[in-house]
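Encoded as structure tokens, the structure appears first; notes follow it.
Number of protein chains: 2
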Amino acid sequence: MVEQELDITFHALADPTRRGMLASLALGEKSIGELAQPFAISFAGASKHVKVLEGAGLIARRKVGRTQLCRLRPEPLARADLWLRQWEKFWTIRLDRLEALIEAEKSRQ
Amino acid sequence: MVEQELDITFHALADPTRRGMLASLALGEKSIGELAQPFAISFAGASKHVKVLEGAGLIARRKVGRTQLCRLRPEPLARADLWLRQWEKFWTIRLDRLEALIEAEKSRQ
DNA sequence: GGAAAATTCAACCATTCGGTTGACTATCTT
DNA sequence: AAGATAGTCAACCGAATGGTTGAATTTTCC
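Take a look at the structure:
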């Protein structure tokens, strides 16, 4: 069953809009509208993305009046990370170089 | 550009057949046929999965006679892990519990 | 030289994806 | 009671996904 969880988690993470929403939620609870706002996307579109994230267990919601407040649920991220760290031994030698490279790219942009 | 790399990497990882192929490659170089064998899948189907993995930079190939030998390329895994570790602070408190839980599940099965 | 093996390619298929629009529901505000 | 606001639902669309089959290609083996 762990296998299928990874399917769902990695699929949820494979979309830049959804990763952006998670990043936004890292700063605190957000409504669907607030999550949609940075992206050129309809309300219904955002609602679908939120449903995917919820289906992956990456967020939870609570209703406050007419708005839905979403908050981050990090467990699936931890599981995905655990899976990725299986492979650590294959890259550790080069990870320092990689980290520097990503830093360089970030500041170049 | 880092963003799109994550799209492609996470998408490649979102399929159990492809993750299985990576696991198989962790033990050493494999031909397409050897990669296909554990899965109830056609040769051409396996070839497509391999192409996805290659497109994500997760494997490289070299031709030896009429067979294609694939080997693991861990860099994209390292990048994905780097991204996931951004979120570490959201789960660290509970990671020990999670790790135990996954261990328990593994041995229960 | 000819058969067998390891792949790839092209065409096809059903399903899913990410997006839209428009109608609907629920809640708040006035 | 009448908007306006926040969100969902259902239907649709085009593109991509994961799979197949069958023909073609390259290399090896006899």
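Chains as they are written, first to last, in our numbering: chain A, 2 to 110; chain B, 2 to 110. We treat Cβ as the ideally placed atom computed from N, Cα and C, and that holds for glycine. What you are looking at is a predicted structure, and each value in this text was computed from that prediction instead of being measured.
Run of the beta strand (DSSP E) containing residue i, from where it starts to where it stops
{"i": "residue 72/A", "result": "68 to 73"}
{"i": "residue 61/A", "result": "60 to 65"}
Environment of residue i [buried if 16+ CB atoms lie within 10 Å]
{"i": "residue 93/A", "result": "exposed"}
{"i": "residue 72/A", "result": "exposed"}
{"i": "residue 28/A", "result": "exposed"}
{"i": "residue 39/A", "result": "exposed"}
{"i": "residue 37/B", "result": "buried"}
{"i": "residue 81/A", "result": "buried"}
{"i": "residue 64/A", "result": "exposed"}
{"i": "residue 45/B", "result": "exposed"}
{"i": "residue 57/B", "result": "buried"}
Contact under 9 Å by Cβ, residue i with residue j
{"i": "residue 35/B", "j": "residue 48/B", "result": "no"}
{"i": "residue 12/B", "j": "residue 12/A", "result": "yes"}
{"i": "residue 74/A", "j": "residue 85/A", "result": "no"}
{"i": "residue 7/B", "j": "residue 14/A", "result": "yes"}
{"i": "residue 32/B", "j": "residue 10/B", "result": "no"}
{"i": "residue 19/A", "j": "residue 4/B", "result": "no"}
{"i": "residue 22/B", "j": "residue 54/B", "result": "yes"}
Segment limits, alpha helix (DSSP H) that includes residue i
{"i": "residue 9/A", "result": "3 to 14"}
{"i": "residue 33/A", "result": "33 to 37"}
{"i": "residue 44/B", "result": "44 to 56"}
{"i": "residue 76/A", "result": "76 to 86"}
{"i": "residue 26/B", "result": "17 to 27"}
Residues within the region 25 to 40 of chain B neighbouring chain A, beta-carbon criterion of under 9 Å
27
Tell me which residues of the region 46 to 71 of chain A have at least one Cβ-Cβ distance to chain B shorter than 7 Å, keeping chain order. none
Item checked: Residues of the region 3 to 18 of chain B with Cβ closer than 9 Å to any Cβ of chain A, in chain order -> 3, 4, 5, 7, 8, 9, 10, 11, 12, 13, 14, 15, 16, 17
*Could you please tell me which residues of the region 83 to 94 of chain B, in chain order, have their CB closer than 7 Å to any CB of chain A?*
83, 85, 86, 88, 91, 92
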